Structure formats: C-alpha cells, structure tokens
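Worksheet for the structure shown next.
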Amino acid sequence: MDDESSIEEILDTIGDEHARTVLASISREPGSAKELAERLDLSQPTIYRRLDLLEENDLIKDRTLVADDGNHYKEYTCNFNSTVISLEDDEYDVRIFREENLPDRFSRLWDDLGVQ
Numbered sequence: 001m002d003d004e005s006s007i008e009e010i011l012d013t014i015g016d017e018h019a020r021t022v023l024a025s026i027s028r029e030p031g032s033a034k035e036l037a038e039r040l041d042l043s044q045p046t047i048y049r050r051l052d053l054l055e056e057n058d059l060i061k062d063r064t065l066v067a068d069d070g071n072h073y074k075e076y077t078c079n080f081n082s083t084v085i086s087l088e089d090d091e092y093d094v095r096i097f098r099e100e101n102l103p104d105r106f107s108r109l110w111d112d113l114g115v116q
C-alpha cells in the first residue's frame, strides 16, 4: 500500500463501483479518458473523477502520448498485479503487490537492510 494512502482511503476507492470498473478495464487494456468513457459508457467527467481518485491512491499510472494530429493525451494503466485485504484482530490490512523489475527490487531490498 502507498505509505501516504490510509487503509480507509484504499477501501473507499475500491468500494466505488465506477472506480472498480475503470480499474478493471485498464488492467485488461490501457486507455485514455476518452477511450474509457466510450468503452465503459460513462461520462468523461465521471471517468476523470475516478482516474484522479485512483491516481491519488497510487493504483494507476499514466503516460503522455502524442496523437497523429500533434495533440497530447494521457493513457492510463493499472500499476499493480493484485491486492489482498485481510482482517485480523479487528483491523484491516491492505497489501498491494506491484510488478517490479529486478534492479528496483534489489535496490529496495538493499535499502530495507539499511546498507549504506
């Protein structure tokens, strides 16, 4: 889980039906806000609100692309592989498993070990 997002914020985000729909769609195929609105039959303002919410909780990432006509637009994709929500001793725990490349994993392990 993103250190800056609380468990409640993550649960509220994935509890939102439209946010889940957007997240499920971009986990299968990346898309722009316009493509998502058409694909999911939702308004663009609804899509943008959910994309902002998902981005605030570090559940998606975006990249800027250039269209054939020279205009720029963002393409969104899911930035994790799976989520596990558990309840133990009356407390929720949310674990988000992200795909990392080997150098990033090694760096994080090295940092966690406190090796300078």
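Residues 1 to 116, numbered by the UniProt record's numbering, are exactly what the sequence shown covers, in order.
Where is the CB? At the ideal position from N, CA and C, for every residue including glycine.
As the structure is a prediction and not an experimental result, all values here were calculated from the model.
When the alpha-carbon of E55 is set against those of K74, E38, Y92, L40, the nearest one is in K74.
For L87, the enclosing beta strand (DSSP E) covers residues 82 to 88.
For D52, the enclosing alpha helix (DSSP H) covers residues 44 to 56. Judged by DSSP in its simplified three-state form, R98 adopts coil rather than helix or strand.
For D12, the uninterrupted alpha helix (DSSP H) run begins and ends at 7 to 15, by DSSP.
By alpha-carbon distance to I60, the top candidate from R28, L87, L113 is R28.
DSSP lists no beta-bridge partner residue for D68.
Under the 8 angstroms Cβ criterion, the segment 15 to 25 counts as touching the segment 37 to 57, having at least three qualifying pairs. Between I26 and Y92, the CB-CB gap reaches or exceeds 8 angstroms. In the DSSP assignment, D93 is bridged to S86.
Remark: C-beta atoms of R98 and F80 approach each other more closely than 8 angstroms.
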